[in-house]
Every structure is written in C-alpha cells, then in structure tokens.
Ligand SMILES: Nc1ncnc2c1ncn2[C@@H]1O[C@H](COP(=O)(O)OP(=O)(O)OP(=O)(O)O)[C@@H](O)[C@H]1O
Ligand SMILES: [Mg+2]
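Numbering (my numbering), first residue to last: 356 to 634.
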C-alpha cells in the first residue's frame, strides 16, 4: 500500500518523447474537507493525497463512486482550493485555472452560444494555436464522428456527441497537462474504443501529461502507463501499479487480463477496508 508516490520518477515516455519537458505535476499532502450545510456537518473528501507525475506521463486514477476523484482533479486544475496541501505544476504553485492545464469535465462544458466548430476554434484561438490548424480541426471532427454536426450548437447534440465535442476541443489545444474526468463515460463501446485509440495517438504526438479518471478498469489499462487506485471516505491513494505492456495494447492478452484481475481485487479491498472503518 502506498500513500504517496516517489518524486522524480523517470517516466518510460521520456525516452519516447524527449522534447516533453513541461507538464510535471506534484501534489503534496492534499486534504479537502467540505462543509455540508445541508447536514450541519463536514465531509472529508481527500486525506493526504500525494502525486508525482512526470512531464508526458499518462496516469489513470480509478476508484469507486464518491471516493474523491473529481475533487482531486479539480484541485489539480485550480478550480477547487485544498483545505491543506498544495499542487505544483512545473514547480509553480497552482492558484487557479490556467490554459496550460486543460480539463474535460464529467459533464461537458461546451460554450452553448458557439457551434461545435466554434467551440474548438475558440479554444485554439485562446491558446494562440489557431494558425494552420483548419485541417487538424477537420480531422478531429471526423474522428469524433461530428463532421455533420460541426455547425450545430451543443443543445442540438446528443449527450454522447457533446462529450465527444468536449474531448476533441481539449485534445485540439494539446495543453501541457490534460485532465480528463471520465471523458468517454457516456459513449457506446465502439465509439469509446475509437476515441481511446485517438487519445493515445494524440498523446504520443503531442507529449502532454495526461491524468485520466475512469470507472473502466480496461480503459485505464489500455491507455495509461501507471494506475493509481483510490479508496473512499476519506479519499486516499491506496495503491499504484505500472502497466508494463507496450502500445498498442491487446485487451485479451494474458498480461492485460492478469493486470485487470489485480486491479479489481485491489479496488474491492479498498472498498471493503473503507466500509470496515466507516460504517
Ligand atoms: N462542493 C461540494 N460540497 C460538498 N461536498 C462535496 C462537494 N463536491 C464533492 N463533495 C463530496 O465529496 C465526495 C467526493 O466527491 P467527488 O465528486 O470527488 O467523487 P468522485 O470520486 O468523482 O465520484 P464519481 O465517480 O461518482 O464521479 C462525495 O462524498 C461528495 O458528496
Ligand atoms: Mg467524479
């Protein structure tokens, strides 16, 4: 069981993307206590969470519903202030949101007054990356199956389409750090697998640091180099695993299946121990 993660780890990706130098995330002693006015009580969502994520590394966080994953990601994004502890991005303390750290929310956060294309172009312009990217926007729209809906507004799309549009908007910008909170949650398995492949190919191409939250253990193994397991009440990182399988990964290989079993066992252990202590 590991509470924290050793700092200055060498990521296998550094050799794949030697140019990836920014996007180091460190979190030290993150604790978050929410005031629950409805219950006249407090709720501890996070307890002493430590992270050390290398530039260009792909890390997934898995854990049961309500264990504090979104809270952790929102703190890393600078949208939530920790009760104790701090987050550093490239050695600088995170005090608020910054385009250097892109976030895809569990629920989409598209601008309702802009079309799908408008949303992507606006994000690219804000990040000053618009020049020469028309072809890239076209390709992303194709990959996400949204070419026909490029000129539609968010309210004219299905939930899954909005989620895809939100994801490609973030991928288009390729920030130093991409924070993904269940970005594929509402999608059918076929679209989901296509987008997983697209996430890998853009990650390899751009070298952003990726932090992905997912309920789907297979998705975590398929995509990431390292998986952190969280236990609930209060949210803690209880375990960490490397994924020593080369890309592209085969979901039915014996390494993959073995790792899936280990993670499921650890998730179950995390849930049971938390019930023992809290109920
Ligand atoms: N703004 C808030 N005020 C009060 N409590 C909150 C707030 N945000 C989150 N919580 C509580 O903190 C705990 C962790 O919530 P969080 O959204 O981080 O969980 P999660 O792991 O992302 O869950 P899920 O997998 O269902 O998305 C929950 O018990 C939730 O009720
Ligand atoms: Mg969540």
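Using N, Cα and C, we set each Cβ at its ideal position, and we do this for glycine too. Since the model is a prediction, treat every value here as computed from it, not as a measurement.
At the C-beta level, residue 565 and residue 533 come within 8 Å of one another. Runs of the alpha helix (DSSP H) lying entirely within the region 503 to 556, each at least 4 residues long, are 514 to 528 in chain order. Relative to the Cα of residue 570, the nearest Cα in the group 617, 536, 407 and 548 belongs to 536. The three-state reading of DSSP puts residue 604 in coil, since its state is none of H, G, I, E or B. A distance criterion of 7 Å places the beta-carbon of residue 424 in contact range of ligand 1, judged by its closest non-hydrogen atom.
Going by DSSP, residue 387 is part of the beta strand (DSSP E) stretching over 380 to 391. Assignment of residue 409 by DSSP, reduced to helix, strand and coil, places it in the coil class. Between ligand 2 and residue 536, a heavy atom-to-CB distance of less than 7 Å is present. A direct Cα-to-Cα measurement between residue 482 and residue 473 gives close to 14 Å. With at least 16 other beta carbons inside 10 angstroms of its own, residue 580 counts as buried. Counting C-beta atoms within 10 angstroms of its own C-beta, residue 452 has fewer than 16 neighbours from the protein chains shown and is therefore classed as exposed.
Residue 511 sits exposed, since fewer than 16 C-beta atoms from the chains shown fall within 10 Å of its C-beta. Sorting 495, 400 and 572 by C-alpha distance to the C-alpha of residue 596 places 572 at the top. Here residue 500 carries a coil assignment [DSSP, helix/strand/coil]. In this structure residue 519 touches residue 500 by the C-beta definition: roughly 7 Å separates them, less than 8 Å. Distance check between residue 411 and each of 405, 563, 422 and 439 places 563 closest, using alpha-carbon atoms only. Scanning its chain for C-beta atoms nearer than 7 Å, with the 5 sequence neighbours on each side dropped, one finds around residue 401 the residues 385, 386, 387, 423, 426, 427, 589 and 590, in chain order.
445 is the residue among 437, 435, 399 and 445 whose C-alpha sits nearest the C-alpha of residue 409. Around the CB of residue 381, 16 or more other CB atoms lie within 10 Å, so the residue is classed as buried.
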